[in-house]
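Numbering (the numbering used here), first residue to last: 18 to 237. Presented below is the structure to which this report refers.
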Amino acid sequence: MTTTSASAANTTPRVTLRTLLAAGLVAGPLYTAVWLGQAATREGFDITRHPASLLANGGPGWIQTANFVIAGILSIAAAVGLRRAIVGRGSRWAPRLVGAYGVGLLLAAIFPADPAAGFPAGTPADYAEISTRGMGHFVAGSIGFTGLIAACLVMAAHYRSTGRTGWARYSTVTGVLFLGAFVGLMAGAGKPVTIIAFGVAIVLGWSWIAAICADHRRTT
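Below, the structure written as structure tokens:
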């Protein structure tokens, strides 16, 4: 009886940790699939002109809102898993920063982006009014994307401290590219190259979260 109880006690945390890290594997592909599915089917949406956030507008906008909520919850769950899994340098801040990315996604659901650049259909092409909710969305994005960028750089330091230079480079490159794309989006005034670059950066960011969760899941 004692042996069985001890075995169960040792097994339960392990299963829980793997489940939390699995959330990080699911979050990105699910978010991307829902985003691109909408991009291909929503009237008036042009992936070279409209960032994913604009999909929260219009009748079917609840789909993107739900996408933000689910991705945010899964990211926070992954952050909890990483907090338990990471040992050494970055063990506190990296998970917190991934969690901040998740919080940013939840806030993006609460504060949808304003209609812009002709979307949703019927919006003037030059419409660019910033409402209170639009400002809230900008703050949400700043919190989330800054968290993700910083998480990449903190994890790069963690991997360097453990001698895993390949992972350190991967984390650094992801963080730097995401930073460049985010700055470009803010400064690009809706130019197609900046919209596309930022969309690619989102995919890279999600891929990085999935990769580090898979990496730590293998060792648990």
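Beta carbons are placed, not taken as given, at the ideal position from N, Cα and C, and that holds for glycine.
Who are the near neighbours of asparagine 27 in its chain, counting only those whose CB is closer than 8 Å to its CB and skipping five residues on each side? Locating residue 27 in the sequence shown gives position 10, where the first residue counts as 1. The pLDDT assigned to asparagine 27 is 42, lower than 50, so where the model puts this residue is not dependable, and the model offers no usable value.
So what does DSSP say about phenylalanine 62, is it helix, strand or coil? The residue given as residue 62 occupies position 45 in the sequence shown. If DSSP states are grouped into helix, strand and coil, phenylalanine 62 belongs with coil.
Does the contact criterion of 3 or more C-beta pairs under 8 Å hold for the stretch 183–191 versus the stretch 158–173? yes
Taking alanine 102 and leucine 38 to be in contact with their CB atoms under 8 Å, please state how far apart those CB atoms are, rounded to whole angstroms. In the sequence shown, the residue the question calls residue 102 occupies position 85. In the sequence shown, the residue the question calls residue 38 occupies position 21. That belief holds up - the Cβ atoms of alanine 102 and leucine 38 are roughly 7 Å apart, short of 8 Å.
Looking at the secondary structure, which residues open and close the alpha helix (DSSP H) in which glycine 244 lies? The shown model of the chain, from 18 to 237, leaves out residue 244, and the question about it has no answer.
Rounded distance between the beta-carbons of alanine 157 and leucine 194, thought under 8 Å: In the sequence shown, counting from the first residue as 1, residue 194 sits at position 177. In the sequence shown, counting from the first residue as 1, residue 157 sits at position 140. 21 Å between Cβ atoms; not a contact.
Where does serine 24 land, buried or exposed, given buried means 16+ other C-beta within 10 angstroms? Taking the sequence shown and counting its residues from 1, the one referred to as residue 24 is at position 7. Caution applies to serine 24, whose pLDDT of 40 falls short of 50 and renders its modelled position unreliable; the value that the coordinates give is listed next. Answer is exposed; the Cβ neighbour count stays below 16.
Closest residue to leucine 122 among Thr82, Tyr144, Gly192 and Asp143 (Cα-Cα distance): Counted from its first residue, the sequence shown places residue 122 at position 105. Of Thr82, Tyr144, Gly192 and Asp143, the residue nearest in Cα terms is Thr82.
Cut-off 8 Å between Cβ atoms - residues of its own chain near methionine 18, not counting five sequence neighbours on either side: As a working note, residue 18 is residue 1 in the sequence shown. The pLDDT assigned to methionine 18 is 40, lower than 50, so where the model puts this residue is not dependable; a value taken from the coordinates is nonetheless given after this. Result list for methionine 18: empty, nothing under 8 Å.
Taking the alpha carbon of glycine 139 as the point to measure from, which residue in Gly75, Ala231 and Thr49 has its own alpha carbon closest? Sequence index remark: in the sequence shown, residue 139 carries index 122 (1-based). Selected option, being the one with the closest Cα: Gly75.
Taking the C-alpha atoms as reference points, what is the distance between threonine 33 and threonine 179? Here residue 33 refers to the residue found at position 16 of the sequence shown. Here residue 179 refers to the residue found at position 162 of the sequence shown. So the alpha carbons of these two residues sit roughly 25 Å apart.
Helix or strand or just coil, what does DSSP make of phenylalanine 136? If you number the sequence shown from 1, residue 136 lands on position 119. Strand.
Presumed contact (8 Å Cβ cut-off) between tyrosine 144 and proline 132, rounded CB distance: On the sequence shown, residue 144 is found 127 positions in, with the first residue counted as 1. On the sequence shown, residue 132 is found 115 positions in, with the first residue counted as 1. That belief holds up - the Cβ atoms of tyrosine 144 and proline 132 are roughly 6 Å apart, short of 8 Å.
Confirm, please, whether the CB-CB distance from valine 115 to alanine 95 is below 8 Å. The count along the sequence shown starts at 1 and reaches residue 95 at position 78. The count along the sequence shown starts at 1 and reaches residue 115 at position 98. In this structure, valine 115 lies closer than 8 Å to alanine 95 by Cβ.
Taking a contact to mean a Cβ-Cβ separation below 8 Å, would you say methionine 216 touches isoleucine 64 in this structure? To locate residue 216, count along the sequence shown from 1; it is residue 199. To locate residue 64, count along the sequence shown from 1; it is residue 47. This sequence places glycine at residue 216; methionine is not what is there. Their beta carbons are under 8 Å apart, which means glycine 216 touches isoleucine 64 by this criterion.
What residue range is occupied by the uninterrupted alpha helix (DSSP H) comprising leucine 123? Taking the sequence shown and counting its residues from 1, the one referred to as residue 123 is at position 106. 110–127 is the extent of the alpha helix (DSSP H) around leucine 123.
Length of the line joining the Cα atoms of glycine 105 and proline 112: Translated into positions along the sequence shown, residue 105 becomes position 88. Translated into positions along the sequence shown, residue 112 becomes position 95. The alpha-carbon atoms of glycine 105 and proline 112 are separated by roughly 12 Å.
In its own chain, which residues sit with a C-beta less than 7 Å from the C-beta of threonine 323, not counting the 5 before and 5 after it? With the chain covering 18 to 237 only, the question about residue 323 has no answer from this structure.
Taking the alpha helix (DSSP H) that tyrosine 176 falls in, what are its first and last residues? Taking the sequence shown and counting its residues from 1, one reaches residue 176 at position 159. Run containing tyrosine 176: 149–178, per the alpha helix (DSSP H) assignment.
Beta-carbon gap between tryptophan 52 and alanine 69 smaller than 8 Å: Here residue 52 refers to the residue found at position 35 when the sequence shown is read from its first residue. Here residue 69 refers to the residue found at position 52 when the sequence shown is read from its first residue. Against a cut-off of 8 Å, the Cβ pair of alanine 69 and tryptophan 52 comes out as a contact.
Can you tell me which of the three DSSP states histidine 233 falls into? The residue labelled residue 233 in the question sits at position 216 within the sequence shown. Correct three-state label for histidine 233: helix.
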